[in-house]
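Q:
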Amino acid sequence: MTLETDDYSSMKRRLILRDTLTFLSLTLITVVLFAITLFLFRSFAAHREQLAQRWSDRGQAALQSGHPDQAIVALRTALSYAPGERSYELLLAQALGDAGRYEESYNYFLVLWETQPGDGFINLSLARLAARKNDIQAAVNYYRASIYGTWEGDGTVRRREVRLELTRHLIAHHDLSSARTEILIAGGNAPDDLPLNLTLAALLEQADAPRDALHYYQKILLQHPKDEAALAAAGRLEYESGNFEEARRLLEQAIRENETAGSSHEEIAPDIRLMFDHSERILALAPSNKLPPVERVNRILKARDIAKKRFSSCNAQVSAASGLASPLQNLGSKWTDKEAALSRAALLKDPPEQDATMKLIFDTEAQTEKICGAPTGDDALLLLLAKYPKAMEP
Amino acid sequence: MEKLPTMAERKSPGPNATSEEMIARIAPGREERVFLLLSIFIGVISGLLVVSFRMAIAWLSVLLLGSSPNPHQPRLLIVPAIAGMVIALLSRYVFPNVRGSGINQTKAALYIHNGYISFRTVIGKFLLSALAIGSGHSLGPEDPSLQIGAGVASLISRRVGMSKEKLRIFAPIGAAAGLAAAFNAPISAILFVIEEVIGQWSAAVLGSIVLSAISSVVVARSFWGAEPMFRIPAVTLRDSRELLAYAVLGVVGGFASLIFAKSLSYLRPKLRSQPQWSQLFQPALAGLLVGGIGYFGLTQVMGAGYEAMDQAMHAQFVWQMLLLLALFKIIATTLSFSSGTPGGMFAPTLFVGAMLGAAVGSFEKLYFPHLTGSIGSYALVGMGVLFAAFLRAPLTSVFMVMEVSGNYSIVLPVILANTIAYLISRVLQPVPILEQFTHQDGLDLPSMEEQREESNLHLEDAIQPVTVPVLQGSDTLEDALKALTQYPDANADTAVLIHCSDGLWYTARREELEALDYKPLSETIAPTVSHIDVPVRTLAERLGPERTPVLFPDLPLSSALPHFQRWPLLPITNRAMRGSLEGVVSLQDVLNRYQRH
């Protein structure tokens, strides 16, 4: 009995010892295997990192040198070694777009967007691609998301640039009131920077907001009174809104600034010079109310002669072609009235007749333009005056 | 050729048998405890090996195909061909058991070789599969990982000296660990092993399988990180009309899996029936052809193809290209696998599924832009579809998609598409591809699909109405015998049911009752009781304490079989009312029912 118990105990001890040794060996093997795997894995991971970096550098270089197809291959390779690496993914999406694979690029950016819907750059890229696809509303939405999105570095500047890009998009698609709002918001947050203000003013012009644009140019001129571009643009706006006197002043100054800038400076635009000439001529022609009565009447008589000649030539042209046109017939009867042939003295005595004569002149220029085409020379300037009769007021 | 132990060897009692008995006597619960602990070790070691295996594939790929394999690189043609030649030589002369994917080999280890997978096979599988996949053969690393895990389990369990019964069970435990580490998805791996290797849920191994799979995934994630295998884009199903598109995907996937399976089941036996010398060149030729596909433009089909799957999931291909990739992947995988190159079918199946799914998704986006499903979600469902239809693992396929995506909103499309694809595949290809491979290899492993769908018979399926005499246990023997005279057909063999007072039943033959009549009372009751003291005894008392077993209609039909040696007829009683008779079954009834099944 005792012998059996001893045997039993010794076997049990041996079994425990065997199991302990087995598990110790297993633990040791596991630890050694883990260490070896870890060592290999670190080397493997480092190698993959190097490969990813190398291919990403190649991709970036190809992208910068204008070879987006090569960049795509390189960046895809880089991503195979560093899956999910954000910067590579962004570059790849960009390269796809640059290579003209807009649909792929759009889809790629969309996938990136799903994980980072607030990223400014991704939203901007999506906006550009949506605009290219002519998906106007989607583009606007992405532009707005980009403006309110996150940006690395100087977010304020990037957001303003995106807003201006959105403005251009809106202008291109004739949503001018939204464009104007965006420009005004951009301007409200913008620093007093000359090129920026010039851009904002130019965009306001394109957004059919000349008054706002003029306001911006005036703001610029307050700080930079000799800025040629601002002078020219403001002069043009004044001219186009019928403020010929102010236009002449600004345009003259612009031309003077251009001339003083020297020959190395770019020549002023011909249309600015022409506008200046026209302004001068209009001011010389216009029978402004602030002129002395004699001078005013003289100008009215001169304008009446010009308009009458225009009527006669247009009338002859129409008669030669197809008989008398009815609007001109009506106008012709006015020209044959005695009021249309009042003398200087009569006009001087009767200021209402002065206005009636001016109305006849303006009607003539307007109607002959419709029938005989756009006038030239002084007729054209009288027509301009007809459009802005307030130019004759003091 | 290394010799594997057969079932006969497994059955024959060896010297181990006595030592096993001894150990069982000394430490009764030892094996169960060791079993669980070993499962963890198997999981950890399998995880480490699978991490190394994947590293080896990636390293070899860079080394052999360059860091950026692109079309028109001559090495795309040369490398897979030379690698194929090396693989053929090594698998012929050094590692003879490494051909194939690894799933059937693991099943064979479980059902034929007593859980035995040699160390040489593990090494061979590791090296040759890594070389094949790394050199561009269109195969995947998951199935070899499964076999590597099973091999590790086999090796460890043999060294520790587990019982033969346990040795067998270790193979699926290691398989789950290997697959879980390779796929970074423990639940899918566990389900796959249960669905495809073991064939049925077994509480005995489930705990160990879970332990090993989780351990291996923890190890794998400590290296690769916790990210899932694929970067899954947002998956949504907002419009129920989209289910139609998923149904279309199910149909497309079902037919694609059919083409895939048909081409494999055609080419593989054709190539295997070629002369031995020509089989040495088959992997090289397959490598050349697969390399040719890559050389002329579709490098994505080479290797496992995870990057291409990722790209498809992130909408980087147009639908025409996606269909082209799916088609050429089927061709490339058929060539690589049929040539006997070791490597798995998982990754190619997922690849084809992802491409088809993304193609359907892209098509839908193009022509039905109002539907909101992302291309990624279609690709993901496509993977599940092919998995269900080609590998015939419908349960795993659903859980795989959910586990990989981490999104349960996709479950409805997955179930819909998978079911359609699975049904198409089943109807048009009744024998699953893995089963076909086993038949081609001359093996006869159990069909997991049949096992899964086998309807278990119950006692209620064989139950018959009571037509035999029913007596009360409270009657006297004389009354009982008198009552039996009312049954003129009853002969000596006729069974009689006796309802005893304790609610239980006793089945006796008539001759047994008649024998009681001649037996002195003292023989049927306790010998200490005096004959003179005992009054007239009831029938139940004379029959003694023994009763027929209590059986209910819902019990398995097989549960009745052991009792027919003792009892001629078994009463089936109601669970709700003790002793209430539902009917009876005889051995003949049971056999008749089995024969009808």
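Chain order of the listed sequences is A and B. First residue of the first sequence: 1, per the working numbering; consecutive thereafter. First residue of the second sequence: 395, per the working numbering; consecutive thereafter. Ideal Cβ positions, reconstructed from N, Cα and C, are used throughout, including at glycine.
Select from Tyr81/A, Ile72/A, Ile268/A the residue whose C-alpha is nearest the C-alpha of Leu90/A.
A: By 1-based counting over the first sequence, the position of residue 90/A is 90. Ranking Tyr81/A, Ile72/A, Ile268/A by Cα distance to Leu90/A puts Ile72/A first.
Q: According to DSSP, is Ile926/B helix, strand or coil?
A: Taking the first residue of the second sequence as 1, we reach residue 926/B at position 532. Unreliable positioning characterises Ile926/B in this predicted model, as indicated by a pLDDT of 47, which lies under 50. A coordinate reading is not provided.
Q: Give the list of continuous alpha helix (DSSP H) stretches no shorter than 4 residues that lie fully inside the region 12-96 of chain A.
A: 68-81
Q: Give the DSSP-derived three-state secondary structure of Trp899/B in the structure shown.
A: Counting from one through the second sequence, the residue named residue 899/B turns up at place 505. In the structure shown, Trp899/B sits in a strand (DSSP, three-state: E or B).
Q: Quick one: which chain A residues come within Cβ less than 8 angstroms of Ala709/B?
A: Walking along the second sequence from the start, residue 709/B turns up at place 315. The contacting residues are Glu104, Asn107, Tyr108, Leu110, Val111.
Q: Since Ala526/B contacts Gly737/B with CB under 8 angstroms, what's their CB separation in whole angstroms?
A: Taking the first residue of the second sequence as 1, we reach residue 526/B at position 132. Taking the first residue of the second sequence as 1, we reach residue 737/B at position 343. Confirmed, about 5 angstroms.
Q: In angstroms, rounded to a whole number, what distance separates the CA positions of Arg987/B and Leu951/B?
A: For this step, residue 987/B is matched to residue 593 along the second sequence. For this step, residue 951/B is matched to residue 557 along the second sequence. Distance between the alpha carbons of Arg987/B and Leu951/B: 9 angstroms.
Q: Mind checking who Pro375/A pairs with in its DSSP beta bridge?
A: Within the first sequence, residue 375/A is the residue found at index 375, counting from 1. BP columns for Pro375/A are empty, so no partner.
Q: Quick check on Ser462/B - is its C-beta less than 7 angstroms from some C-beta in chain A?
A: To locate residue 462/B, count along the second sequence from 1; it is residue 68. By this cut-off, Ser462/B is an interface position.
Q: Could you confirm whether any beta carbon from chain A is found closer than 7 angstroms to the beta carbon of Glu1064/B?
A: With chain B represented from 395 up to 991, any question about residue 1064/B goes unanswered, as that position is not in the structure.
Q: How is Pro474/B classed by DSSP in three states: helix, strand or coil?
A: The count along the second sequence starts at 1 and reaches residue 474/B at position 80. It is helical.
Q: Exposed or buried, what is Ser610/B when buried is set at 16 or more other beta-carbons lying within 10 Å of its beta-carbon?
A: Looking up residue 610/B in the second sequence gives position 216. Per the 10 Å Cβ criterion, buried.
Q: Would you mind working out which of Arg969/B, Thr942/B, Asn968/B sits nearest Pro956/B, comparing C-alpha positions?
A: Here residue 956/B refers to the residue found at position 562 of the second sequence. Ranking the options by Cα distance to Pro956/B, first place goes to Thr942/B.
Q: Leaving out five residues on either side along the sequence, give the residues of the same chain with a beta carbon under 7 angstroms from the beta carbon of Glu245/A.
A: Residue numbering aside, residue 245/A sits at position 245 when the first sequence is read from its first letter. Same-chain partners within the cutoff: Leu283.
Q: For Val979/B, which residues does DSSP report across the bridge?
A: Looking up residue 979/B in the second sequence gives position 585. Note: Val979/B sits in a beta bridge opposite Leu964/B.
Q: On the three-state DSSP scale, how would you describe Ala970/B?
A: For the purposes of this step, residue 970/B is identified with residue 576 of the second sequence, where counting begins at 1. Three-state DSSP puts Ala970/B in coil, outside helix and strand.
Q: Whole angstroms are fine: how far does the CA of Ile626/B sit from the CA of Thr735/B?
A: Stepping through the second sequence from its first residue, residue 735/B is reached at position 341. Stepping through the second sequence from its first residue, residue 626/B is reached at position 232. Distance between the alpha carbons of Thr735/B and Ile626/B: 31 angstroms.
Q: Taking C-alpha atoms, which residue in Glu425/B, Leu585/B, Ser557/B, Met556/B lies nearest to Ala369/B?
A: Residue 369/B falls outside the range modelled here, since chain B spans only 395 to 991, and no answer is possible.
Q: List the whole-angstrom C-beta distance separating Ala753/B from Leu716/B, where the pair is believed to meet the contact cut-off of C-beta under 8 angstroms.
A: For the purposes of this step, residue 753/B is identified with residue 359 of the second sequence, where counting begins at 1. For the purposes of this step, residue 716/B is identified with residue 322 of the second sequence, where counting begins at 1. At roughly 4 angstroms, the Cβ-Cβ gap stays under 8 angstroms, so Ala753/B and Leu716/B are in contact.
Q: Output yes or no for whether 7 angstroms exceeds the beta carbon distance between Ala74/A and Ala62/A.
A: Residue mapping note: residue 74/A aligns to position 74 of the first sequence, counting from 1. Residue mapping note: residue 62/A aligns to position 62 of the first sequence, counting from 1. Against a cut-off of 7 angstroms, the Cβ pair of Ala62/A and Ala74/A comes out as a contact.
Q: Against Asp19/A, what residues of chain B qualify as contacts under a CB-to-CB distance less than 7 angstroms, listed in chain order?
A: For this step, residue 19/A is matched to residue 19 along the first sequence. What Asp19/A touches in chain B: Val428.
Q: Would you verify that the beta carbon of Met449/B is, or is not, closer than 7 angstroms to some beta carbon of chain A?
A: For the purposes of this step, residue 449/B is taken as the residue at position 55 of the second sequence. Chain A, which has a Cβ nearer than 7 angstroms to the Cβ of Met449/B, makes this yes.
Q: Using a Cβ-Cβ cut-off of 7 angstroms (strictly less than) and excluding sequence neighbours within five positions of Pro293/A, which residues of its own chain qualify?
A: In the first sequence, the residue the question calls residue 293/A occupies position 293. Taken in chain order, the residues that qualify are Leu348.
Q: Nearest CA to the CA of Gly755/B: which residue from Leu898/B, Leu484/B, Met777/B?
A: Residue mapping note: residue 755/B aligns to position 361 of the second sequence, counting from 1. Measuring from the Cα of Gly755/B, the nearest candidate turns out to be Met777/B.
Q: In chain B, which residues lie less than 8 angstroms from Leu75/A when you measure between Cβ atoms?
A: Within the first sequence, residue 75/A is the residue found at index 75, counting from 1. Per Cβ cutoff of 8 angstroms: no residues; Leu75/A is ~11 angstroms from chain B at best.
Q: Identify the contact partners of Leu129/A in chain B, using a Cβ-Cβ distance below 7 angstroms as the criterion.
A: The count along the first sequence starts at 1 and reaches residue 129/A at position 129. Within chain B, no residue has its beta carbon less than 7 angstroms from that of Leu129/A; the closest one is some 13 angstroms off.
Q: Could you tell me the distance, in whole angstroms, from the CA atom of Ile542/B to the CA atom of Leu28/A?
A: Locating residue 542/B in the second sequence gives position 148, where the first residue counts as 1. Locating residue 28/A in the first sequence gives position 28, where the first residue counts as 1. Roughly 20 angstroms separates the two Cα atoms.
Q: Quick one: which unbroken alpha helix (DSSP H) runs of 4-plus residues sit fully inside the region 96-156 of chain A? Chain order, please.
A: The alpha helix (DSSP H) runs of length 4 or more contained entirely in the region 96-156 of chain A are, from start to end of the chain, 102-115, 120-132, 136-147.
Q: How about Gly973/B and Gly897/B: are their beta carbons less than 7 angstroms apart?
A: In the second sequence, the residue the question calls residue 973/B occupies position 579. In the second sequence, the residue the question calls residue 897/B occupies position 503. Result yes, Cβ atoms of Gly973/B and Gly897/B sit closer than 7 angstroms.
Q: Quickly, what does DSSP pair Leu891/B with across the bridge? List them, please.
A: Within the second sequence, the letter at position 497 stands for residue 891/B. In DSSP, Leu891/B forms a bridge with Val864/B, Thr901/B.
Q: Determine the closest residue to Asp378/A out of Leu285/A, Leu166/A, Ser178/A, with distance taken between C-alpha atoms.
A: Within the first sequence, residue 378/A is the residue found at index 378, counting from 1. Among Leu285/A, Leu166/A, Ser178/A, the Cα nearest to that of Asp378/A is on Leu285/A.
Q: Does the region 824-843 of chain B come close enough to the region 867-881 of chain B that 3 or more CB-CB pairs lie under 8 angstroms?
A: No, they do not touch.
Q: Is there at least one Cβ from chain A nearer than 7 angstroms to Phe757/B's Cβ?
A: On the second sequence, residue 757/B is found 363 positions in, with the first residue counted as 1. No, no contact with chain A.
Q: Would you kindly work out how many angstroms separate the C-alpha atoms of Ala345/A and Leu301/A, rounded to a whole number?
A: Here residue 345/A refers to the residue found at position 345 of the first sequence. Here residue 301/A refers to the residue found at position 301 of the first sequence. For Ala345/A and Leu301/A, the distance between alpha carbons rounds to 11 angstroms.
Q: For a quick check, are the C-beta atoms of Ala482/B and Pro669/B less than 7 angstroms apart?
A: Here residue 482/B corresponds to residue number 88 of the second sequence, with the count starting at 1. Here residue 669/B corresponds to residue number 275 of the second sequence, with the count starting at 1. Going by C-beta atoms, Ala482/B is not nearer than 7 angstroms to Pro669/B.
Q: Quick one: list the residues of chain A neighbouring Val611/B, beta-carbon separation under 9 angstroms, in chain order.
A: To locate residue 611/B, count along the second sequence from 1; it is residue 217. Residues of chain A passing the Cβ test: none, with the nearest at roughly 15 angstroms.
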